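The block underneath contains the structure these notes are about, expressed in structure tokens.
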RNA sequence: GCCGAAGUGGCGGAAUGGUAGACGCGGCGGACUUAAAAUCCGCUGUCCGCAAGGGCGUGUGAGUUCGAAUCUCACCUUCGGCACCA
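In the working numbering, the protein residues as written are 3 to 768.
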């Protein structure tokens, strides 16, 4: 209606565990189960009147789509943005699958799909190197996204600036010394306060650095750490356990010998997996030092507070704080101290400034059959991991796999799929049986919508340049660090592969809310609280249901489903029907006395004002208030029905504008009414959805009379009807003449008159 | 614990410094009808009052302002995110 070309495609994210599990439960191949479901959803979406471009439909489980996942995977592999390595990973014991870090939720570390607590396992897995773009992902140039989403992503990426510092292991009776332990710290200024070191129990240097006398104790601790559950290990209020390795390191700034410990509060996966412990200035180190009687030495203090007793770590930065007890740097401000120490270490080759991120690489392999096969083979000869050549893509999922009754991945036992030959040397080879995380599918699908059948590449560059980035994206906040982060990573990676031009996929993001099940929980089949629109659509019509979904809450808010109020939408549309087709009110009992509308100009003005406001509301996604305004207009027209006013041109224009304004949200009934209006008149019929958006007449939207609120001491006391544009002095004079105001002012002293022209007058009295 | 969002009638919600409660649901009353349904009209925050009118009122308490649901501070509650990140 605004003359833009709009591309509004639809598709089905059809791979994944829910489909696979449901297929198992129903004894079907997941493909058959999925396609049957898609058929149902297509019908349901059409019944709601969604105006998708079905010619561009994508089904991600179709080989024509997933072959390009494989093709992109191979390009990322070439660029070292995809890799395989052994790592401690999150494993969901119920789904029997590994999960990406983003897919493990909450303090109890539960699987995002099934809610089971995950466990850590050391497994060899495939990763995408999202960390390569960590810094760029922190920038959001020229995109209009809700601030909370950006905050969540920023926190998730967790950039922190500091220094890497090398501690050298000291020689002693059992140990020649000389090994380097690298640590990361954000507080280089506290280096003089480092009184011990802590390595993660899994740190590779532990075995080498353990003194023979400590061997047994260290082994026992490492073993316990390995078997401890994730939750136990991560709960922050747990006692800080650890054991000494019996060896020592040299503090690179002052040469002091400090003991080396292992403790499970240091995580292998963050920074370097080792820390310098400064108990005076870090809560965790403080707690650990207290428990194990290690020295606590304060090295930063505000003047005059140096001798205060510490009963906790001193963390907060205070005004004027300076280094104390820090050799030649004593007296320096803390930030200068950090710089000086880092610089000194750099000169000695023992340190440098550094940045660390909380973000981990994206673990994309899944031990399940219903996903995109990862296109590599393991050569049983000499070649190791060999990528499948492009011209052998797609690596197809077999059509006949049997789901093993005991669970697990059927691809591992499918002889036809498993056995192949090495593309490099021709010897026997085994296919990779892991499939890709389904978030891979959703990370680039919108480019594929532009050319879903393109056979010689994933993306039509010319079309992508013309249509992308996506102007308006809609999605839930629950995808903040999942789909929305992965998609930004993909965009940057695909831009570096020169497949697309842009580096951000979605210019404007709107977080629509979710309609929750009764009880306020997310709808899901497993909870059995799914609401099906079919019955409501059959009973009230798609337009009523659509309107109600938009009217019941702000578009961005979550709310539990309740059909209370749906009847209001149905009644509203009935009134629209009545004012459009039966302005004379033949069905009305009889004109209500006193309801006659004499000034049809009022209807005109209301229609034009409504148009102005509704146009604004559409722009701002304020669907609920827009519908309310259309109801007001309809109610005014309803009151004029059956009166002389209803046969006039103003009434006719108002109903015409009403239909046009309503068309985007109630497409079916407005089209029908539009068509009937056209055939009643002489105009040749054209779809209402192809009409230009109407323009309002500024002369009609201008204020013609105001009911000026008059307050006395901020309390509303009167409303004074006035023409607009009256001089301030005259307005005030008229206000003062009002009986009510006189009564209010009687016996009081008028101190001040606040007059906001056109808005109100406030009389301040004493 | 840290970060973020929110708290308004019986219910969903409107109003982002200027008439609190638009619009809808529900409720009450009326018209039409033999009757009911549907439809249409009116009323509906709360307390006092026959009325005119007035008091109170946006989680709680303070503050800024002529004026606060809206801004500031503290607190309470709910929801979402993070979880020893050095």
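Backbone N, C-alpha and C fix where the C-beta goes; we use that ideal spot for every residue, glycine too.
Because the structure is a prediction, the values reported are computed rather than measured.
Open item on the list: Buried or exposed for residue 41, going by 16 or more other Cβ atoms inside 10 Å?
Closed with: As a working note, residue 41 is residue 39 in the first chain. Classification for residue 41: exposed.
TODO: Please report the residue range of the beta strand (DSSP E) in which residue 713 lies.
DONE: Translated into positions along the first chain, residue 713 becomes position 711. That run of the beta strand (DSSP E) goes 708-714.
Task: Buried or exposed by the 16-neighbour rule on C-beta atoms within 10 Å, applied to residue 56 - done: To locate residue 56, count along the first chain from 1; it is residue 54. With a 10 Å radius around the Cβ and a threshold of 16 neighbouring Cβ atoms, residue 56 comes out exposed.
- [ ] Check residue 621 in the structure and name its three-state DSSP category.
- [x] Here residue 621 is taken as the residue at index 619 of the first chain, counted from 1. The DSSP-derived three-state label of residue 621 is helix.
Task: Where residue 593 sits in the DSSP three-state scheme - done: In the first chain, the residue the question calls residue 593 occupies position 591. In this prediction, residue 593 scores a pLDDT of 47, lower than 50, which makes its location untrustworthy; the coordinate-derived value is nonetheless stated afterwards. For residue 593, the three-state secondary structure derived from DSSP is coil.
Task: In DSSP terms, what residue 113 is bridged to - done: Within the first chain, numbered from 1, the residue matching residue 113 stands at position 111. When beta bridges are read from the DSSP output, residue 113 appears opposite 106.
- [ ] Thinking residue 150 and residue 479 are a contact (beta carbons under 8 Å), I'd like their distance in whole angstroms, please.
- [x] The count along the first chain starts at 1 and reaches residue 150 at position 148. The count along the first chain starts at 1 and reaches residue 479 at position 477. About 7 Å separates the beta carbon of residue 150 from that of residue 479, a gap short enough to meet the 8 Å contact definition.
Task: Three-way DSSP call (helix, strand, coil) for residue 132 in this model - done: Working through the first chain from its first residue, we reach residue 132 at position 130. In the structure shown, the three-state DSSP call for residue 132 is helix.
- [ ] Tell whether a beta-carbon distance below 8 Å holds between residue 518 and residue 560.
- [x] By one-based count along the first chain, residue 518 stands at place 516. By one-based count along the first chain, residue 560 stands at place 558. Taking 8 Å as the Cβ cut-off, residue 518 and residue 560 qualify as a contacting pair.
Task: Alpha carbon of residue 515 to alpha carbon of residue 153, nearest angstrom - done: Position 513 of the first chain, counting from 1, holds the residue named residue 515. Position 151 of the first chain, counting from 1, holds the residue named residue 153. Between residue 515 and residue 153, the C-alpha separation is close to 18 Å.
Task: Three-state secondary structure (DSSP) of residue 691 - done: Taking the first residue of the first chain as 1, we reach residue 691 at position 689. Helix.
TODO: Have a look at 64, 28 and 119 and flag the residue whose alpha-carbon is nearest the alpha-carbon of residue 450.
DONE: As a first step, residue 450 must be located in the first chain, where it is residue number 448. Residue 64 is the option with its Cα nearest to residue 450.
Open item on the list: If distances are taken between C-alpha atoms only, which option among 340, 314, 301 and 638 comes closest to residue 325?
Closed with: Working through the first chain from its first residue, we reach residue 325 at position 323. Of the candidates 340, 314, 301 and 638, the one whose C-alpha sits nearest the C-alpha of residue 325 is 301.
Open item on the list: Please identify the residue among 507, 501, 470 and 474 whose C-alpha is closest to the C-alpha of residue 487.
Closed with: Walking along the first chain from the start, residue 487 turns up at place 485. Among 507, 501, 470 and 474, the Cα nearest to that of residue 487 is on 507.
- [ ] Please report the residue range of the beta strand (DSSP E) in which residue 260 lies.
- [x] Counting from 1 along the first chain, the entry for residue 260 is found at position 258. In the DSSP annotation of this structure, the continuous segment of the beta strand (DSSP E) that includes residue 260 starts and ends at 259-264.
Task: Contacts around residue 499, its chain only, beta-carbon distance under 6 Å, and the 5 residues preceding and following it disregarded - done: In the first chain, residue 499 corresponds to position 497, counting from 1. Once the five neighbours on either side are set aside, the close Cβ partners of residue 499 are 77.
TODO: Assign residue 119 to one of three DSSP states: helix, strand, or coil.
DONE: By one-based count along the first chain, residue 119 stands at place 117. DSSP places residue 119 in the strand class (E or B) of the three-state scheme.
- [ ] Leaving out five residues on either side along the sequence, give the residues of the same chain with a beta carbon under 6 Å from the beta carbon of residue 203.
- [x] Translated into the one-based positions of the first chain, residue 203 becomes position 201. Once the five neighbours on either side are set aside, the close Cβ partners of residue 203 are 224, 227, 264 and 266.
Open item on the list: Under DSSP, the beta strand (DSSP E) around residue 163 begins and ends at which residues?
Closed with: Stepping through the first chain from its first residue, residue 163 is reached at position 161. Looking at the DSSP string, the run of the beta strand (DSSP E) that includes residue 163 is 162-171.
- [ ] Return the chain-ordered list of same chain residues with a C-beta closer than 6 Å to the C-beta of residue 612, the five sequence neighbours on each side being excluded.
- [x] To locate residue 612, count along the first chain from 1; it is residue 610. For residue 612, the CB contacts under 6 Å within the same chain, skipping 5 residues up- and downstream, are 631 and 635 in chain order.
- [ ] Spatial neighbours of residue 22 within its chain, please: CB distance less than 7 Å, with the 5 preceding and 5 following residues excluded, ordered by chain position.
- [x] One-based indexing of the first chain puts residue 22 at position 20. For residue 22, where only same-chain residues beyond five positions count, the Cβ hits under 7 Å are 32, 370, 371 and 372.
- [ ] With DSSP collapsed to three states, give me the class of residue 316.
- [x] One-based indexing of the first chain puts residue 316 at position 314. Three-state result, residue 316: coil.
Task: Span separating the alpha-carbon of residue 735 from that of residue 703 - done: Your numbering for residue 735 matches position 733 in the first chain. Your numbering for residue 703 matches position 701 in the first chain. Distance between the alpha carbons of residue 735 and residue 703 is about 28 Å.
Open item on the list: Tell me the residue span of the alpha helix (DSSP H) that contains residue 88.
Closed with: Along the first chain, read from residue 1 onward, the residue named residue 88 stands at position 86. Note, residue 88: premise wrong, no alpha helix (DSSP H); beta strand (DSSP E) at 84-94.
Task: Start and end residues, alpha helix (DSSP H) containing residue 746 - done: Reading the first chain from its first residue, position 744 is the one you call residue 746. Where residue 746 is concerned, the enclosing alpha helix (DSSP H) stretches over 741-747.
TODO: Write down every uninterrupted run of the beta strand (DSSP E) in the stretch 367-446 whose length is 3 residues or greater and which is fully enclosed by it, in chain order.
DONE: Scanning the stretch 367-446 for uninterrupted beta strand (DSSP E) segments of 3 residues or longer gives 378-381, 387-389, 421-423 and 430-433, listed from N- to C-terminal end.
TODO: With a cut-off of 8 Å on the beta carbons, I'd call residue 189 and residue 127 a contact; round off their distance for me.
DONE: Stepping through the first chain from its first residue, residue 189 is reached at position 187. Stepping through the first chain from its first residue, residue 127 is reached at position 125. 34 Å between Cβ atoms; not a contact.
Open item on the list: Pull the bridge partners of residue 147 from the DSSP assignment, please.
Closed with: Within the first chain, residue 147 is the residue found at index 145, counting from 1. Per DSSP, none; premise fails for residue 147.
- [ ] Return the chain-ordered list of same chain residues with a C-beta closer than 8 Å to the C-beta of residue 285, the five sequence neighbours on each side being excluded.
- [x] For the purposes of this step, residue 285 is taken as the residue at position 283 of the first chain. Within the same chain, residue 285 has close Cβ partners 314, 315 and 317.
TODO: Using a threshold of 8 Å, state whether the C-beta atoms of residue 762 and residue 711 are closer than that.
DONE: The residue labelled residue 762 in the question sits at position 760 within the first chain. The residue labelled residue 711 in the question sits at position 709 within the first chain. Yes. Within cutoff.
- [ ] Determine the direct distance from the alpha carbon of residue 11 to that of residue 472, and round the result to whole angstroms.
- [x] Within the first chain, the letter at position 470 stands for residue 472. Within the first chain, the letter at position 9 stands for residue 11. Going by the C-alpha atoms only, they are around 12 Å apart.
Open item on the list: With a threshold of 8 Å, are at least 3 pairs of Cβ atoms found where one atom belongs to the stretch 397-414 and the other to the stretch 343-358?
Closed with: Short answer: they don't touch.
Task: Three-way DSSP call (helix, strand, coil) for residue 8 in this model - done: Here the question's residue 8 lines up with position 6 in the first chain. Coil at residue 8, not helix or strand.
Task: residue 411, buried or exposed, once every other Cβ within 10 Å from all chains shown has been counted against 16 - done: On the first chain, residue 411 is found 409 positions in, with the first residue counted as 1. Residue 411 is classed as buried because its beta carbon has at least 16 other beta carbons within 10 Å across all chains shown.
- [ ] Figure out for me which residue from 444, 422 and 534 has the closest Cα to the Cα of residue 771.
- [x] Missing from the structure shown is residue 771; the chain here goes from 3 to 768 and no further.
- [ ] Could you check the C-alpha separation between residue 720 and residue 757 for me, to the nearest Å?
- [x] The residue given as residue 720 occupies position 718 in the first chain. The residue given as residue 757 occupies position 755 in the first chain. Each residue's Cα considered, the two are about 14 Å apart.
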